[in-house]
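Taken in sequence, the protein lines are chains Z and H.
Using the numbering used here, the first residue of the first sequence is number 461, and each one after it goes up by one.
Using the numbering used here, the first residue of the second sequence is number 461, and each one after it goes up by one.
The beta carbon of each residue, even a glycine, is placed where N, CA and C say it ideally should be.
Number of protein chains: 2
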Amino acid sequence: MATQFGDRIRELRTKQKMLLRHVASQLDVDTSIISKIERGDRQIKKEQIAVLAEILKADKEELLTLWLADQLYNVIEGEPMADEALKSVSKKIKKSKL
Amino acid sequence: MATQFGDRIRELRTKQKMLLRHVASQLDVDTSIISKIERGDRQIKKEQIAVLAEILKADKEELLTLWLADQLYNVIEGEPMADEALKSVSKKIKKSKL
DNA sequence: CTTATATTTGCCAATATTTGTCAAGACAAT
DNA sequence: ATTGTCTTGACAAATATTGGCAAATATAAG
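Printed below as a string of structure tokens:
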């Protein structure tokens with residue numbers, strides 16, 4: 461299934477007419493990895509996000525946010541108690557910021 | 461570090477004066493595993509939650525919610541963009557419920 | 001203090017998951 | 001048909017997770 465992160469980086473890449481292999485070589489992985497990441501078959505490693513942002517001239521924080529959202533979604537996908545859990549975490553986060 | 465899940469099941473266990481080894485034998489794992497789970501050193505496996513709820517005569521959904529919240533927290537812990545990511549996922553969840 | 005019981009901790013092996021490579025195939029443009 | 005791009009699946013290597021054991025530490029009782 462598709463990911464927000466994958467969709468976004470594909471958009472960024474194609475608009476700049478970059479090829480998978482351009483991105484792949486700069487990230488130092490096989491082309492197939494990037495293909496899978498864009499299509500949501502694989503998750504990118506967190507450390508690779510900053511590098512990828514540079515390659516795509518994209519906002520590092522935007523990509524990181526999308527990636528985080530994908531990770532969160534993986535956890536709660538299909539869970540009946542998802543809402544409650546999300547609220548609970550939001551609260552906890554707000555408290556820790558005080 | 462402590463987990464919401466761990467804190468709660470320790471509370472449930474001690475209030476009923478059960479020993480770690482009682483819980484452990486019913487869950488069919490070593491005592492040390494339960495100790496670690498209660499202290500937040502280890503995550504319990506999702507499938508074990510329902511069994512544990514029975515052992516502790518606790519609400520399965522409550523425990524599952526706490527467990528989910530812990531998982532979510534692991535993802536966003538220390539992330540500056542945590543808030544944004546959480547909001548994004550909440551939105552997505554609400555949409556998928558329509 | 002000494003013993004007995006409960007819990008915690010560190011370490012190890014087994015298992016599971018993730019990551020990347022490679023090769024073959026699909027697809028489009030020419 | 002040939003070329004170039006992208007996709008897919010099988011596989012191996014690297015990494016992470018899991019549970020058990022045993023030693024260390026706490027806690028309680030005598």
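For residue j and residue i, the rounded distance between their alpha carbons
i: Z:Arg470; j: Z:Thr525; result: 16 Å
i: H:Ile553; j: Z:Pro540; result: 11 Å
i: H:Lys462; j: Z:Leu480; result: In the sequence as presented, Lys is not what sits at residue 462 of chain H; that position holds Ala. Computed Cα separation, rounded: 43 Å.
i: Z:Lys520; j: H:Val483; result: 46 Å
i: H:Lys505; j: H:Leu532; result: 15 Å
i: H:Ala513; j: Z:Gln503; result: 33 Å
i: Z:Ser495; j: H:Ser556; result: 26 Å
i: Z:Ile509; j: Z:Lys517; result: 12 Å
i: Z:Leu487; j: Z:Asp543; result: 36 Å
i: H:Met507; j: H:Gly466; result: Residue 507 of chain H is actually Glu in this sequence, not Met. Spanning the two alpha carbons is a distance of roughly 16 Å.
i: Z:Arg468; j: H:Ser492; result: 44 Å
i: H:Leu523; j: H:Glu537; result: 20 Å
i: H:Thr474; j: H:Leu558; result: 42 Å
i: H:Val489; j: Z:Val489; result: 40 Å
i: Z:Ile416; j: H:Arg499; result: Outside the modelled stretch of chain Z, which goes from 461 to 558, sits residue 416 of chain Z, for which no answer is possible.
i: H:Asp501; j: Z:Lys551; result: 23 Å
i: Z:Met478; j: Z:Val511; result: 15 Å
i: Z:Ser548; j: H:Leu472; result: 20 Å
i: Z:Ser566; j: Z:Ile515; result: With chain Z covering only 461 through 558, there is no way to say anything about residue 566 of chain Z.
Supposed contact pair residue j and residue i - C-beta distance, whole angstroms, cut 8 Å
i: H:Leu528; j: Z:Val535; result: 7 Å
i: H:Gln476; j: H:Asp530; result: Not quite, the Cβ-Cβ distance comes to about 22 Å (not below 8 Å), so this is no contact.
Residue range of the alpha helix (DSSP H) that includes residue i
i: H:Ile494; result: 491–499
Per-residue DSSP class, three states only, for residue i
i: Z:Lys517; result: coil
i: Z:Lys552; result: helix
i: Z:Ile536; result: helix
i: H:Ala542; result: helix
i: H:Thr479; result: Checking the sequence, you will find Leu at residue 479 of chain H rather than Thr. H:Leu479 falls in the coil class under three-state DSSP.
i: Z:Gln503; result: coil
i: H:Asp488; result: coil
i: Z:Ala462; result: coil
i: H:Leu558; result: coil
Residue i beta carbon near the ligand FMN (any heavy atom closer than 7 Å)
i: H:Asp501; result: Annotation note on the ligand FMN: not contained in the displayed structure, which lists no ligands.
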